[in-house]
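Undergrad:
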Amino acid sequence: MARTPVLTFTDRGIFCPAGGFHIDPWRPVDRALITHGHSDHARPGHGRYLCTRQAAPVIRHRLGPVRLETIAYGETRRIGGVTVSFHPAGHVPGSAQIRVEQNGEVWVASGDYKVCADGLCEPFEPVACHTFISECTFGLPVFRWEPQEEVLARINRWWAANAAGGRISILGAYALGKAQRILSGLDTGIGPILTHGAVETTTEILRTQGYVLPATVAVTAGVSAKSHPRAIVIAPPSAQATRWAARFGPTAAAAFASGWMRLRGVRRRRGAETGFVLSDHADWPGLNAAIRETGAERVFVTHGYTAVFRRWLESQGYDAGIVQTGYQGDGIDSAQPETEGDAPE
Amino acid sequence: MKRFARLFAALDATTKTTAKTAALAAYFRDAPEEDRLWTIALLSGRRPKRAVTATELREWAAGAANLPHWLFEEAYSVTGDLAETIALVLPPPTRDSTKTLAGHMHALVALAGQPAPQRQAAILAAWDGLGPDERFLFNKLITGGFRMGVSQGLMTRALAQATGLQEATLAHRLMGDWTPAGTSYAALTGSDDPAAAGRRPYPFALASPLEDPPEVLGDPADWLAEWKWDGIRGQLIHRPGAFALWSRGEDLITDRFPEFALLANLLPPGTVIDGEVVAWGGDTPLPFADLQKRIGRKSVPKRLLAEAPARLLAYDLLEEGGQDLRGAPLGLRRARLEQLVAALPAGGPLGLSPALPVTGWAALASLRARARGAAAEGLMIKRLSSAYHVGRKRGDWWKWKLDPFTVDAVMIYAQAGHGRRATLYTDFTFAVRDGDDLVPFAKAYSGLTDDEFRRITDWVRRHTLERFGPVRRVVPELVFEIAFEGIQASPRHRSGIALRFPRMLRWRQDKPVAEIDTIETLRALLAGQRGFSTPAPPEDI
Numbered sequence: 144m145a146r147t148p149v150l151t152f153t154d155r156g157i158f159c160p161a162g163g164f165h166i167d168p169w170r171p172v173d174r175a176l177i178t179h180g181h182s183d184h185a186r187p188g189h190g191r192y193l194c195t196r197q198a199a200p201v202i203r204h205r206l207g208p209v210r211l212e213t214i215a216y217g218e219t220r221r222i223g224g225v226t227v228s229f230h231p232a233g234h235v236p237g238s239a240q241i242r243v244e245q246n247g248e249v250w251v252a253s254g255d256y257k258v259c260a261d262g263l264c265e266p267f268e269p270v271a272c273h274t275f276i277s278e279c280t281f282g283l284p285v286f287r288w289e290p291q292e293e294v295l296a297r298i299n300r301w302w303a304a305n306a307a308g309g310r311i312s313i314l315g316a317y318a319l320g321k322a323q324r325i326l327s328g329l330d331t332g333i334g335p336i337l338t339h340g341a342v343e344t345t346t347e348i349l350r351t352q353g354y355v356l357p358a359t360v361a362v363t364a365g366v367s368a369k370s371h372p373r374a375i376v377i378a379p380p381s382a383q384a385t386r387w388a389a390r391f392g393p394t395a396a397a398a399f400a401s402g403w404m405r406l407r408g409v410r411r412r413r414g415a416e417t418g419f420v421l422s423d424h425a426d427w428p429g430l431n432a433a434i435r436e437t438g439a440e441r442v443f444v445t446h447g448y449t450a451v452f453r454r455w456l457e458s459q460g461y462d463a464g465i466v467q468t469g470y471q472g473d474g475i476d477s478a479q480p481e482t483e484g485d486a487p488e
Numbered sequence: 006m007k008r009f010a011r012l013f014a015a016l017d018a019t020t021k022t023t024a025k026t027a028a029l030a031a032y033f034r035d036a037p038e039e040d041r042l043w044t045i046a047l048l049s050g051r052r053p054k055r056a057v058t059a060t061e062l063r064e065w066a067a068g069a070a071n072l073p074h075w076l077f078e079e080a081y082s083v084t085g086d087l088a089e090t091i092a093l094v095l096p097p098p099t100r101d102s103t104k105t106l107a108g109h110m111h112a113l114v115a116l117a118g119q120p121a122p123q124r125q126a127a128i129l130a131a132w133d134g135l136g137p138d139e140r141f142l143f144n145k146l147i148t149g150g151f152r153m154g155v156s157q158g159l160m161t162r163a164l165a166q167a168t169g170l171q172e173a174t175l176a177h178r179l180m181g182d183w184t185p186a187g188t189s190y191a192a193l194t195g196s197d198d199p200a201a202a203g204r205r206p207y208p209f210a211l212a213s214p215l216e217d218p219p220e221v222l223g224d225p226a227d228w229l230a231e232w233k234w235d236g237i238r239g240q241l242i243h244r245p246g247a248f249a250l251w252s253r254g255e256d257l258i259t260d261r262f263p264e265f266a267l268l269a270n271l272l273p274p275g276t277v278i279d280g281e282v283v284a285w286g287g288d289t290p291l292p293f294a295d296l297q298k299r300i301g302r303k304s305v306p307k308r309l310l311a312e313a314p315a316r317l318l319a320y321d322l323l324e325e326g327g328q329d330l331r332g333a334p335l336g337l338r339r340a341r342l343e344q345l346v347a348a349l350p351a352g353g354p355l356g357l358s359p360a361l362p363v364t365g366w367a368a369l370a371s372l373r374a375r376a377r378g379a380a381a382e383g384l385m386i387k388r389l390s391s392a393y394h395v396g397r398k399r400g401d402w403w404k405w406k407l408d409p410f411t412v413d414a415v416m417i418y419a420q421a422g423h424g425r426r427a428t429l430y431t432d433f434t435f436a437v438r439d440g441d442d443l444v445p446f447a448k449a450y451s452g453l454t455d456d457e458f459r460r461i462t463d464w465v466r467r468h469t470l471e472r473f474g475p476v477r478r479v480v481p482e483l484v485f486e487i488a489f490e491g492i493q494a495s496p497r498h499r500s501g502i503a504l505r506f507p508r509m510l511r512w513r514q515d516k517p518v519a520e521i522d523t524i525e526t527l528r529a530l531l532a533g534q535r536g537f538s539t540p541a542p543p544e545d546i
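As they're listed, the protein sequences go chains W and A. Note that our numbering has the first sequence beginning at 144, numbered continuously upward. Note that our numbering has the second sequence beginning at 6, numbered continuously upward.
1. If A:Ala163 and A:Leu47 are in contact, beta carbons under 8 Å, what's the gap, nearest whole angstrom?
2. In terms of residues, what are the limits of the beta strand (DSSP E) holding A:Gly383?
3. Please state whether DSSP places A:Leu527 in a helix, a strand or coil.
4. Leaving out five residues on either side along the sequence, give the residues of the same chain with a beta carbon under 7 Å from the beta carbon of A:Glu457.
5. One question on the structure: do W:Val258 and W:Gly282 come within less than 8 Å of each other, judged by their Cβ atoms?
6. Pull the bridge partners of W:Ile311 from the DSSP assignment, please.
7. Indicate the three-state DSSP secondary structure (helix, strand or coil) for A:Lys7 in the structure shown.
8. Taking 8 Å as the CB-CB cut-off, is W:Gly429 touching chain A?
9. Considering only the beta carbon of each residue, do A:Gly548 and A:Lys233 sit closer than 8 Å?
10. Quick check on A:Trp285: buried or exposed, where buried means 16 or more other Cβ atoms within 10 Å of its Cβ?
11. Are the Cβ atoms of A:Tyr561 and A:Arg331 separated by less than 8 Å?
12. Hey, W:Arg191 and W:Trp169: beta-carbon distance below 8 Å or not?
13. Is any heavy atom in the ligand MG found nearer than 7 Å to the beta carbon of A:Ala347?
14. With W:Gln459 as the anchor, note down where its alpha helix (DSSP H) starts and where it stops.
15. Can you find a C-beta in chain W that's less than 8 Å from the C-beta of A:Thr103?
16. Which value, in whole angstroms, describes the spacing of the CA atoms of A:Leu62 and A:Tyr81?
17. Excluding the 5 residues flanking A:Asp401 on each side, which residues of the same chain have their C-beta closer than 7 Å to its C-beta?
18. Mapping the DSSP letters down to three states, classify W:Phe399 as helix, strand or coil.
19. For W:Glu248, which option in W:Gly464, W:Ala382, W:Leu430, W:Ala439 has the closest C-alpha, if you only look at C-alpha atoms?
20. Indicate whether the contact test is met: 3 or more Cβ pairs, each with one atom in the stretch 267–281 of chain A and one in the stretch 313–321 of chain A, closer than 8 Å.
21. In angstroms, rounded to a whole number, what distance separates the CA positions of A:Trp65 and A:Gln119?
22. Going by DSSP, what residue range makes up the beta strand (DSSP E) through W:Arg242?
23. What is the rounded straight-line gap between the Cα of A:Glu343 and the Cα of A:Gly336?
24. Could you tell me which whole alpha helix (DSSP H) segments of length 4 or greater appear in the stretch 320–388 of chain A?
25. Measuring only the C-alpha atoms, how far is W:Ala185 from A:Asp101?
26. Quick one: residues in its chain with C-beta nearer than 7 Å to the C-beta of A:Val412, no 5 flanking neighbours on either side, listed in chain order?
27. I'd like the list of long-range same chain contacts for A:Gln123, defined as Cβ closer than 8 Å, with 5 residues on each side in sequence excluded.
28. Looking at the C-beta of W:Val285, does it have a partner C-beta in chain A at a distance below 8 Å?
29. So what does W:Glu248 bridge to, in DSSP terms?
30. Span of the beta strand (DSSP E) holding A:Ala436?
31. Does A:Gly452 come within less than 8 Å of chain W when only Cβ atoms are used?
32. For A:Pro445, return the contacting residues in chain W, with the cut-off set at a CB-CB distance below 8 Å.
33. By the 8 Å beta-carbon criterion, what residues does the stretch 401–413 of chain W contribute toward chain A?
34. If I follow the unbroken alpha helix (DSSP H) through A:Ala160, where does it start and stop?
35. W:Trp288 CB to nearest chain A CB: under 8 Å?
36. Would a check of beta-carbon distances place A:Met416 closer than 8 Å to chain W?
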């Protein structure tokens, strides 16, 4: 094994020496392959971008005029001495795992993923490989998600009860992915759906792409609890408990949807807010199943409870290593969350 | 259990006291009576003897979840709560149990003393019939000490709402060492009150901290001042057939202080005294550490009785000749107490907590400044016309403590907190400088805001030098002002000192680590405190 590995880990990100490209680099590089549009994965400043056709519109919107090529799921492309292809990761609409093959040796970089189909984004597909680079944001056995229908039913019941009591419901959800996943599961018979500007923009882009989403009303100057009684408001977590949210009155009920809501300590720190356990990352059984299905013998873990998860994988007979990455989501309490890998607060 | 889990969910969903009280009152109106009784018992800290240890619970849960122990422990260190960790890692239940709270509690009580395999089988079977929230509660009931965010005062208020009884009446009835097995909901809340029967204590009157200058209290002549002693609050009860000493935490501590036993022959029956139990040095109390040696043990060796003899410094008379005096003004109760103590033979274990002269607020302030010399931690100021109130009621009783000692120190170790602070680094070890070394001297985990803890947590993750299990050694860089109430020599600690009530006063982001205090600063404080330990002569106070 003296030859260079298919993928290496540098201070700019995951690098493919034979292909001359990086995957989700966090510092400017010449050529970047991007798994999905969250801001800690799709960063500005690279020379060239490659992402799935479905991920491109949001990335274009967020990064402005960049040199961006697209690729279809499953389509193979030769870059330098390797063959690459993108496969659904089930994380958010357009998200991909990236498969890189060099002389018959296959590596897969998972990006962020979840294994349960959410009815909105392209469902996760296991990709056979020799080496798998897996995220493990929720890589502890306390994280186990309930079926999505149950969580959505609970959200709808919460909304309906608030509406019946004359209270506006404000639900915190990340602008790309989580917000639309919830939108597609809301019972529109309960009342109108309002969106914060950041959510509305992304939602409109995805709607134009053909993702099926209910009608929403952007919160603008004239929109308030009076103009839209019984409404639910979908807003990024950072907009909750701000002056922006004050227009919905002091009685508005707040909630937050995140995998971190599984932990009572985190729920309690967020005060009287209701917590819904809903994540766009794989839970403990999901991570284990995904890794098993790749058939990989070697696994690099990144992004989450890496030390624990590596030790667990080693005890299960894998050759496991840790990759330090520049993705923000290191834990529950880091600042400025944009995605769930990051903090809920 | 489902009914109890719904109550818990309602309590947990709100931070508003009124909503919590209403939820609890509703439960006290319509839950099965036995469940109500158990709820009162659990919320007032009366849990049955543990049938299962925490170690057994971890082992059984890890086994049932098919996890190696190290992984279970890692999960525990992230959730910060054993009951929750178990509830989250267990496989989903296969049955739906309808057993009530009381049913579960009876089963747990019956398990105590059974062989381990039987207890394990019973616990596994119980887990298998409960949903995640019920499991969490069930585990909390086993591990104990769970208040569900409900203070005893709030619980008493809810019970008053549900029963129509007075809060003070209920507070009194809930005192003492009753158990769910020995009473019933009807007996606790029924109309038939067996008055101040047996050894049941009265609810303690509590003081509020005086934050304003004492001038706001008006005419000094309306007030009684005493030293604020650094001992443990005690209520001594002598009634026909009953002699008991209660701590403020409602622990029966009669047997730990055998020197008081002779008072049973000296005090008239029907006497209840409120006072401070201290270790007595002849003229003044010994440091709290000496009393602490006594508190921890059920039986007291002769040596300790001689080294740290206990004394009750009496400051109130609650019952005289079997009559409840609590409604009478403090001035009258105090006069009766003085008569009572004066009638006792000299040299006994019961003395008066002396009344200090209140000639004016300025004079009182200078008296307070000398509290450490009297082995006290400040002053108590009580309104002479006030009744003996139940619990904490602002306005009549004030504690005017000395300002704490403070030093600036650097954080060297950090550990994650529990419960609401799980996943945040909140428990820190601090060091001062000793030449080129840093000497750890105190641990503290309170005094900062959640936001500060979050920022420090972020910092800790990025500045860890070493990990020992849940503890991280960090770069010695963050400086904090540490406050404490007392300082004592301690051969058990590397620094040679032990602090009383250390906490973080503030995060000194303005202060570089080069400017923290030294071990000499602490030694000087220690020497200063010793220098003061000769009591001021009585006419001086």
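The beta carbon of each residue, even a glycine, is placed where N, CA and C say it ideally should be. Here the structure is a predicted model, which means the values were calculated and not measured.
TA: Considering the structure as presented:
1. One-based indexing of the second sequence puts residue 163 of chain A at position 158. One-based indexing of the second sequence puts residue 47 of chain A at position 42. That belief does not hold up - the Cβ atoms of A:Ala163 and A:Leu47 are roughly 14 Å apart, past 8 Å.
2. Reading the second sequence from its first residue, position 378 is the one you call residue 383 of chain A. Segment 381–388, the beta strand (DSSP E) holding A:Gly383.
3. If you number the second sequence from 1, residue 527 of chain A lands on position 522. For A:Leu527, the three-state secondary structure derived from DSSP is helix.
4. Position 452 of the second sequence, counting from 1, holds the residue named residue 457 of chain A. So the list reads Trp512, once near-sequence residues are dropped.
5. Mapped onto the first sequence, residue 258 of chain W falls at position 115. Mapped onto the first sequence, residue 282 of chain W falls at position 139. At a Cβ-Cβ threshold of 8 Å, W:Val258 and W:Gly282 do not count as neighbours.
6. Counting from 1 along the first sequence, the entry for residue 311 of chain W is found at position 168. Bridge partners of W:Ile311: none, in fact.
7. Reading the second sequence from its first residue, position 2 is the one you call residue 7 of chain A. DSSP places A:Lys7 in helix when its eight states are reduced to three.
8. The residue given as residue 429 of chain W occupies position 286 in the first sequence. Interface criterion not met: the Cβ of W:Gly429 is under 8 Å from no Cβ in chain A.
9. Here chain A comprises residues numbered 6 to 546, so residue 548 of chain A is not present and cannot be evaluated.
10. The count along the second sequence starts at 1 and reaches residue 285 of chain A at position 280. Per the 10 Å Cβ criterion, buried.
11. Since the first residue of chain A shown is 6 and the last is 546, residue 561 of chain A is not available in this structure.
12. Sequence index remark: in the first sequence, residue 191 of chain W carries index 48 (1-based). Sequence index remark: in the first sequence, residue 169 of chain W carries index 26 (1-based). It is not a contact, given that the beta carbons lie outside the stated cut-off.
13. In the structure shown, the ligand MG is absent, as is every other ligand, since no ligand is present at all.
14. Within the first sequence, numbered from 1, the residue matching residue 459 of chain W stands at position 316. In the DSSP annotation of this structure, W:Gln459 is not part of any alpha helix (DSSP H), being labelled neither H nor E.
15. Translated into the one-based positions of the second sequence, residue 103 of chain A becomes position 98. Not one chain W Cβ lies under 8 Å of A:Thr103.
16. Working through the second sequence from its first residue, we reach residue 62 of chain A at position 57. Working through the second sequence from its first residue, we reach residue 81 of chain A at position 76. Using only the alpha carbons, I get a separation of about 12 Å.
17. Position 396 of the second sequence, counting from 1, holds the residue named residue 401 of chain A. Hits under 7 Å: Lys387, Arg388, Ser391, His394.
18. Your numbering for residue 399 of chain W matches position 256 in the first sequence. The three-state reading of DSSP puts W:Phe399 in strand, counting E and B together.
19. As a first step, residue 248 of chain W is located in the first sequence; it is residue number 105 there, counting from the start. Per the C-alpha coordinates, the member of W:Gly464, W:Ala382, W:Leu430, W:Ala439 positioned closest to W:Glu248 is W:Ala439.
20. The answer is yes - the stretch 313–321 of chain A touches the stretch 267–281 of chain A, with three or more Cβ pairs under 8 Å.
21. Walking along the second sequence from the start, residue 65 of chain A turns up at place 60. Walking along the second sequence from the start, residue 119 of chain A turns up at place 114. CA-CA distance, A:Trp65 to A:Gln119, rounds to 16 Å.
22. Along the first sequence, read from residue 1 onward, the residue named residue 242 of chain W stands at position 99. Where W:Arg242 is concerned, the enclosing beta strand (DSSP E) stretches over 239–245.
23. Counting from one through the second sequence, the residue named residue 343 of chain A turns up at place 338. Counting from one through the second sequence, the residue named residue 336 of chain A turns up at place 331. Near 11 Å, if we compare the C-alpha coordinates of A:Gly336 and A:Glu343.
24. If we require 4 residues or more, the alpha helix (DSSP H) runs fully inside the stretch 320–388 of chain A come out as 335–347, 366–374.
25. Indexing the first sequence from 1 puts residue 185 of chain W at position 42. Indexing the second sequence from 1 puts residue 101 of chain A at position 96. Each residue's Cα considered, the two are about 47 Å apart.
26. Along the second sequence, read from residue 1 onward, the residue named residue 412 of chain A stands at position 407. Cβ-Cβ distances below 7 Å link A:Val412 to Val437, Ile487, Asp522, Thr526, Leu527 in the same chain, with the five nearest sequence neighbours on each side left out; the list follows chain order.
27. The count along the second sequence starts at 1 and reaches residue 123 of chain A at position 118. Leu116, listed in sequence order.
28. By one-based count along the first sequence, residue 285 of chain W stands at place 142. Yes, W:Val285 counts as interfacial toward chain A.
29. Stepping through the first sequence from its first residue, residue 248 of chain W is reached at position 105. Its beta-bridge partners are W:Gln245.
30. Against the second sequence, residue 436 of chain A aligns to sequence position 431. Segment 430–439, the beta strand (DSSP E) holding A:Ala436.
31. As a working note, residue 452 of chain A is residue 447 in the second sequence. No, A:Gly452 lies away from the interface with chain W (no Cβ there is under 8 Å from its Cβ).
32. Position 440 of the second sequence holds residue 445 of chain A. Simply none; closest approach about 25 Å.
33. Listed in sequence order: Arg405, Leu406, Arg407, Gly408, Val409, Arg411, Arg412.
34. Working through the second sequence from its first residue, we reach residue 160 of chain A at position 155. What sits at residue 160 of chain A in the sequence shown is Met, not Ala. 157–168 is the extent of the alpha helix (DSSP H) around A:Met160.
35. Sequence index remark: in the first sequence, residue 288 of chain W carries index 145 (1-based). Cβ-Cβ to chain A under 8 Å: no for W:Trp288.
36. Looking up residue 416 of chain A in the second sequence gives position 411. No, no contact with chain W.
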